[in-house]
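Reviewing the structure listed below.
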Amino acid sequence: MTDDIRVRYAPSPTGYLHIGNARTALFNWLFARHYNGTFVIRIEDTDASRNVADGEKSQLENLKWLGLDWDESPANPGEYGPYRQSERNADGMYQPFIDDLLERGLAYKSYKTSEELEAERAAQKAAKQAPHYVYEYAGLSKEEREAKYAEFEAQGLKPVIRFRVPEDKTYEWDDIVKGPIKIGAKEVGGDWVIQKADGMPTYNFAVVVDDHLMKISHVLRGDDHVSNTPKQMMIYEALGWEAPKFGHMALIINAATGKKLSKRDNDVLQFVEQYRELGYQPEAMDNFIGLLGWSPKGEDEIFSLEQFKQMFDETRLTKANAKFDQKKLEWINNQWMRRDKDRVMPQLIQELVKAGFVTEDEAKEKKDWLAQVIEVAGVDGISYTRQIVDLVREPFFQLGDINQEMLDYLTSDDGRKVYAAWNKAYRALPDDATAEDYMAAIRKIQNDLEIKGRNLWNPIRIATTHQIQGPNLPEMLVLLNKQTVLVTMDAVAAKYLN
RNA sequence: GGCCCUAUGGUCAAGUGGUUAAGACGUCGGCUUCUCAGGCCGAAAUCGAGGGUUCGACUCCCUCUGGGGCUACCA
Numbered sequence: 093m094t095d096d097i098r099v100r101y102a103p104s105p106t107g108y109l110h111i112g113n114a115r116t117a118l119f120n121w122l123f124a125r126h127y128n129g130t131f132v133i134r135i136e137d138t139d140a141s142r143n144v145a146d147g148e149k150s151q152l153e154n155l156k157w158l159g160l161d162w163d164e165s166p167a168n169p170g171e172y173g174p175y176r177q178s179e180r181n182a183d184g185m186y187q188p189f190i191d192d193l194l195e196r197g198l199a200y201k202s203y204k205t206s207e208e209l210e211a212e213r214a215a216q217k218a219a220k221q222a223p224h225y226v227y228e229y230a231g232l233s234k235e236e237r238e239a240k241y242a243e244f245e246a247q248g249l250k251p252v253i254r255f256r257v258p259e260d261k262t263y264e265w266d267d268i269v270k271g272p273i274k275i276g277a278k279e280v281g282g283d284w285v286i287q288k289a290d291g292m293p294t295y296n297f298a299v300v301v302d303d304h305l306m307k308i309s310h311v312l313r314g315d316d317h318v319s320n321t322p323k324q325m326m327i328y329e330a331l332g333w334e335a336p337k338f339g340h341m342a343l344i345i346n347a348a349t350g351k352k353l354s355k356r357d358n359d360v361l362q363f364v365e366q367y368r369e370l371g372y373q374p375e376a377m378d379n380f381i382g383l384l385g386w387s388p389k390g391e392d393e394i395f396s397l398e399q400f401k402q403m404f405d406e407t408r409l410t411k412a413n414a415k416f417d418q419k420k421l422e423w424i425n426n427q428w429m430r431r432d433k434d435r436v437m438p439q440l441i442q443e444l445v446k447a448g449f450v451t452e453d454e455a456k457e458k459k460d461w462l463a464q465v466i467e468v469a470g471v472d473g474i475s476y477t478r479q480i481v482d483l484v485r486e487p488f489f490q491l492g493d494i495n496q497e498m499l500d501y502l503t504s505d506d507g508r509k510v511y512a513a514w515n516k517a518y519r520a521l522p523d524d525a526t527a528e529d530y531m532a533a534i535r536k537i538q539n540d541l542e543i544k545g546r547n548l549w550n551p552i553r554i555a556t557t558h559q560i561q562g563p564n565l566p567e568m569l570v571l572l573n574k575q576t577v578l579v580t581m582d583a584v585a586a587k588y589l590n
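Under this note's numbering, the first residue of the first sequence is numbered 93, with each subsequent residue one higher.
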């Protein structure tokens, strides 16, 4: 393939960037970049009632966050602007084609009300027929039809423009991912609307005009568009244009519902923004999304955007739907966090500021100590940065309660002996004792008292941290302030060991 | 209901007539001088079912079944 490849990502600004949208954007981007093509962003905002104020801005911001860039968009138009359909319509870019189809009798004005339409469909359903639009001017001459138009207009009715579907035809294409697909024109449900009563073109019409005018060469989109493809091909044919190559990617399925991931599903985090807030890394999102419905040749699983770009091969897109596996996303993010600790550490510290454990100033002053706390607490086990908060809370910023199980360890005969020995040993150690020093002290108690295992460790752990489990104790002790720990120990003794 | 797509383990998947049916997530078990985490090692699939074709089918064909999508003056 050569450099006249032009692909596009064409979102509706009806909400934030969804995992499914992000995947469509990612694969189009990969397609463009792999083949040195052009990546275009076009905003499909023909349904004013569904547009969300910050939708467009948020989508683009999140795309950027994912590391995707583009060559043409509303903000940096190429030579085929404008890049918003509402603006293209205002500029009258669709009307000439609609007039042309009207003129040639390939489209017509329809004045049926939505009530009539609904009744018609209901009747067809009741009769076990597929809902199907019935042409209302059958057998009428052009003049007779025009007379009808005038009649409806006189009643104050506003028309939609419907495309006259050539029902005897069959549309077929060689799908980039699915192979040959063939659909009869009579399956599209009859003459469909290309221009709404408010003058806006419908999606299936606008997309054809825009893709053609913008010289789009390949259209990679979701499976759910397969049934739109014959409609769009009819328009290409009627206007005498060559259609782009289509590729329909399998959908992402919500594992809980078994249905295609939808914005309304509340049981799964599915907006890129949400992951971003929890501290997922953009590389991890790309990595996960890039492996959802596509697979590389080898056995590796961790890839950067750059690697995906090099390896990209549209013939390796999978045909079957894929369930969204949050656990795998978490694992991938963990891998990316570990891969670039230096970059993630400031993010982790920020989480502690947000949690109110330290102020911004303290975060700066105690940067190294915080980094050690985070490391010792077990940063290697978390899935996203937000999780560090719960990991370090106790005992570094807050002590928990001592429960009955802990009390049992502490107040047993062994527990009392261990506490007494530890109390003495700990006080004797210098303030800058190392983990090895603490370990040696504990080992000495083990030998002296001949107590080992939980009965040895738990009383010490509980007396110093109020925890019965947690990270490596000697390493924690190094990071805890000795005076504070002494206060903790004295309080425990006073309350439980008298 | 109609049309279209699809089918390898709980999940993502490699595999294009002859393989010990990759790998990853998750799960389970073992080891890692206290626990948790992490790390290391290991375990688990008669390739949806039934018919063909073939010396031989996960791989090709048919039927069935399951799953998904679409069926708007939404995109």
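Don't be surprised by glycine CBs; every beta carbon is placed ideally from N, CA and C.
C-alpha gap between residue i and residue j, whole angstroms
i       : j       : result
His-317 : Gly-339 : 10 Å
Tyr-367 : Trp-428 : 14 Å
Ile-560 : Asn-550 : 6 Å
Pro-374 : Ser-150 : 15 Å
Ala-347 : Leu-569 : 44 Å
Lys-587 : Phe-449 : 27 Å
Ile-327 : Asp-315 : 20 Å
Tyr-225 : Asp-283 : 6 Å
Asp-405 : Gln-399 : 12 Å
Leu-160 : Trp-121 : 7 Å
Leu-343 : Gly-385 : 8 Å
Ala-239 : Ala-277 : 29 Å
Asp-582 : Asn-515 : 9 Å
Asn-181 : Pro-322 : 23 Å
Trp-423 : Pro-223 : 46 Å
Gln-442 : Gly-470 : 17 Å
Arg-196 : Gln-287 : 16 Å
Burial state of residue i, where buried means 16 or more other Cβ atoms lie within 10 Å
i       : result
Ala-211 : exposed
Met-93  : Here Met-93 scores only 42 on pLDDT, less than 50, and its place in the model should not be relied on; the value that follows carries that caveat. Met-93 comes out exposed.
Arg-98  : buried
Gly-350 : exposed
Pro-169 : exposed
Thr-294 : buried
Gly-129 : buried
Pro-272 : exposed
Pro-188 : exposed
Val-364 : buried
Gly-147 : buried
Ala-298 : buried
Glu-528 : exposed
Assigned secondary structure, residue i (DSSP; H/G/I helix, E/B strand, else coil)
i       : result
Thr-526 : coil
Val-445 : helix
Leu-275 : A quick correction: the sequence has Ile, not Leu, at residue 275. Of the three classes helix, strand and coil, the one that applies to Ile-275 here is strand, per DSSP.
Ala-289 : coil
Ala-230 : coil
Ser-202 : strand
Ile-133 : strand
Glu-264 : strand
His-558 : coil
Met-185 : coil
Ile-474 : coil
Ile-494 : coil
Tyr-101 : strand
Val-450 : coil
Ala-219 : coil
Glu-164 : strand
Gly-339 : strand
Val-311 : strand
CB contact flag (residue i, residue j, <8 Å)
i       : j       : result
Ile-135 : Tyr-175 : yes
Leu-118 : Ile-381 : yes
Ile-133 : Lys-201 : no
Leu-566 : Tyr-530 : Inspection of the sequence shows that residue 566 is occupied by Pro rather than by Leu. Their beta carbons are under 8 Å apart, which means Pro-566 touches Tyr-530 by this criterion.
Ile-345 : Lys-459 : no
Leu-312 : Phe-489 : no
Arg-237 : Tyr-229 : yes
Ser-319 : Pro-336 : no
Cβ separation of residue i and residue j, assumed to be a contact under 8 Å, to the nearest whole Å
i       : j       : result
Leu-589 : Thr-503 : 7 Å
Lys-250 : Ala-289 : 4 Å
Val-481 : Leu-444 : 7 Å
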